[in-house]
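Residue numbers (my numbering): 11 to 178.
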């Protein structure tokens, strides 16, 4: 698999990957998350135009996983990372996170951040294995507080969530 920038004509494939990846939330009693709609094409286009959207591509150069990020308070914030279930457990999520870390470091960005479910095995525990550390409320930047506010308004606080940071 190789990591590369997403192409504009692949944005709908990212939606398909996210829908397929989301189905695993059914197994942990989170059907609302499993059925939540992925980013609209316009939003994905914004990540593409900002140069903050990457895919893991298979041997046929077809995307099987993706990551999009935003700039938040001087860091790069992982907005979404999804791996198609048919390509899961091959290190693609970690490879995309490492790709983002390399990109961030090349720009002098000090850290990656993200928000995640704390009690879902492939969320906070996984990210901890990838070098992210939980932040307590006193460590949240204004931008992270705003992201958490928007998530709560979207209903994501029905399950325990937290912010995490990976220093570079």
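Glycine included, every Cβ here is placed at the ideal spot set by N, Cα and C.
Note that the structure is predicted; figures quoted are calculated from it, not measured.
Does any residue of chain D bring its CB to less than 8 Å from the CB of residue i?
i, result
"residue 103", "Judged by its chain identifiers, the structure shown contains no chain D, having just a single protein chain."
Please name the residue in the options whose C-alpha comes closest to that of residue i.
i, options, result
"residue 121", "127, 128, 112 and 129", "112"
"residue 55", "72, 42, 119 and 77", "77"
"residue 16", "29, 63 and 28", "63"
"residue 2", "154, 172, 146 and 153", "This structure does not reach residue 2, given that the chain is present from 11 up to 178, and the question cannot be answered."
"residue 123", "59, 84 and 53", "84"
Which residue marks the beginning of the alpha helix (DSSP H) containing residue i, and which one marks its end?
i, result
"residue 37", "No alpha helix (DSSP H) holds residue 37; DSSP gives it neither H nor E."
When DSSP builds the beta bridges, which residues end up paired with residue i?
i, result
"residue 14", "65"
Considering just the uninterrupted stretch of the beta strand (DSSP E) at residue i, what are its terminal residues?
i, result
"residue 176", "171-177"
Exercise for the section: Say whether the stretch 37-44 touches the stretch 81-93, bearing in mind that this needs 3 or more beta-carbon pairs closer than 8 Å, one atom from each stretch. Expected result: no
Practice task
Determine, using beta-carbon pairs with one atom in the stretch 140-158 and one in the stretch 65-72, whether at least three such pairs fall under 8 Å.
Solution key: no
Exercise for the section: Scan the stretch 127-164 and note each continuous alpha helix (DSSP H) run of 4 residues or more that stays entirely inside, going in chain order. Expected result: 134-139 and 152-163
Exercise for the section: Please determine if the stretch 94-101 and the stretch 38-54 are in contact, where contact requires at least 3 C-beta pairs separated by less than 8 Å. Expected result: no
Handout entry: Length at least 4, wholly inside the stretch 58-133: the alpha helix (DSSP H) runs in chain order
Key = 102-116
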